[in-house]
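According to the numbering used here, the sequence shown holds residues 77 to 299 in order. Just so you know, even glycine gets a beta-carbon here, dropped at the ideal spot from N, CA and C. These notes are about the structure you will find just below.
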Amino acid sequence: MRTVAVYNNKGGVGKTTIAAHLVYRADAKGIRTLAVAMDRQGDLPKWLSGGDQGHRDGAVFDFSKNVTVLYSPDAAPEGIRGVDLVIVDTPAAIEIASRVKPDLWVAPCDGRMALEDLANVLPTMLEPPGARVLIVFNRADAGGTRTLSAMQRAAAKIPGLSVWTEAIPDSAAVKRAGEFYMPAWDVPYGASTSGARILRAVIDSVLDSMGLADGNVRRARRA
Ligand SMILES: Nc1ncnc2c1ncn2[C@@H]1O[C@H](COP(=O)(O)OP(=O)(O)O)[C@@H](O)[C@H]1O
Ligand SMILES: [Mg+2]
């Protein structure tokens with residue numbers, strides 16, 4: 077079983093958006109998945125239930141045949157069995173997020189402040205043996221491409237991090253995904269946008285890097 081946690085110390089940088097899209101791709105690839113919302117706001121269960129607001133602590137529901145959703149504010153899931161992947165949407169507080177010991181952190185960043193916050197808590201994130209951190213610039217293009225490349229260069233110098241080379245732009249399709257409770261590549265006019273394409277590429281690479289490309293899962297099940 078592999079665990080990926082989506083984290084940044086800053087709110088509104090795209091954590092829930094990335095977590096929801098991880099769920100869509102894991103589901104499409106037939107990966108048995110538990111999606112956990114540790115964020116008390118419950119945005120992930122809201123999204124994956126198509127807008128239902130009233131999830132109580134500990135609420136569990138099936139998103140699909142492959143994906144179960146757990147609303148677990150502040151508490152890291154324990155004793156999980158029977159899934160290949162756990163996706164955790166964490167709150168913007170490292171004291172709480174670090175209760176998860178993920179194999180991989182995906183950290184969306186929208187600018188220098190988000191990046192610096194992240195650099196401060198990196199030692200905590202890298203504590204679990206073998207843990208990795210992947211930074212994904214999301215909506216970081218407001219300052220133009222030069223500003224973005226400067227940030228990407230700065231991020232590449234922080235030891236222990238990897239950086240996804242293509243930034244996810246500020247994108248109407250990605251924004252719409254959250255309004256329609258749908259993947260960005262399925263919203264009207266979404267499929268051909270760079271926002272949807274890059275988001276999907278990051279996510280497929282994340283699942284691949286955890287040995288969860290669909291081929292591998294099928295092979296593992298047959299074995
Ligand atoms: N690349 C993007 N382009 C446009 N809007 C985005 C993008 N990424 C996120 N958003 C929007 O920004 C807001 C915050 O994103 P969200 O994923 O909820 O952040 P967080 O979980 O970090 O608080 C949401 O309204 C979301 O739809
Ligand atoms: Mg969120």
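Sequence-distant residues of its chain with Cβ nearer than 6 Å to residue i (five each side left out)
i	result
residue 249	260, 263, 266, 269, 271, 272
residue 256	263
residue 96	123
Exposed unless 16 or more other CB atoms sit within 10 angstroms - verdict on residue i
i	result
residue 231	buried
residue 122	buried
residue 79	buried
residue 109	buried
residue 196	exposed
residue 178	buried
residue 221	exposed
residue 107	buried
residue 165	buried
residue 170	buried
residue 279	buried
residue 201	buried
residue 252	buried
residue 133	exposed
residue 138	exposed
residue 212	buried
residue 163	buried
residue 145	buried
Span of the alpha helix (DSSP H) around residue i
i	result
residue 193	188-201
residue 183	Where residue 183 is concerned, there is no enclosing alpha helix (DSSP H), although the beta strand (DSSP E) it sits in stretches over 180-185.
residue 83	Looking at the DSSP string, residue 83 is not in any alpha helix (DSSP H), and its letter there is neither H nor E.
residue 221	221-232
residue 275	270-285
Coarse secondary structure for residue i, derived from DSSP in three states
i	result
residue 238	strand
residue 120	helix
residue 172	helix
residue 257	coil
residue 113	strand
residue 252	helix
residue 290	helix
residue 166	coil
residue 133	coil
residue 157	coil
residue 108	coil
residue 262	coil
residue 150	coil
residue 128	coil
residue 138	strand
Cutoff 7 Å; reference residue i; Cβ partners in own chain excluding five residues on either side
i	result
residue 131	118, 121, 147
residue 191	185, 227, 230, 231
residue 167	114, 115, 116, 173
residue 274	242, 244
residue 126	257
residue 216	185, 186, 187, 224, 227, 243
residue 63	Summary: the structure shown does not reach residue 63, with the chain confined to residues 77 through 299, and so no result is reported for it.
Host beta strand (DSSP E) of residue i (start-end)
i	result
residue 103	Per DSSP, residue 103 belongs to no beta strand (DSSP E); it is in the alpha helix (DSSP H), 91-104.
residue 208	208-213
residue 143	143-147
Cβ-based neighbour list, residue i, same chain, cut-off 8 Å, excluding 5 preceding and 5 following
i	result
residue 105	283, 288, 289, 290, 293
residue 158	108
residue 91	82, 83, 84, 115, 165, 166, 168, 184
TODO: Pull every residue with its beta-carbon under 6 Å away from any heavy atom of ligand 1, and keep them in chain order.
DONE: Qualifying residues come out as 87, 88, 89, 90, 91, 92, 93, 119, 214, 215, 244, 246, 247, 250, 251, 254, 271.
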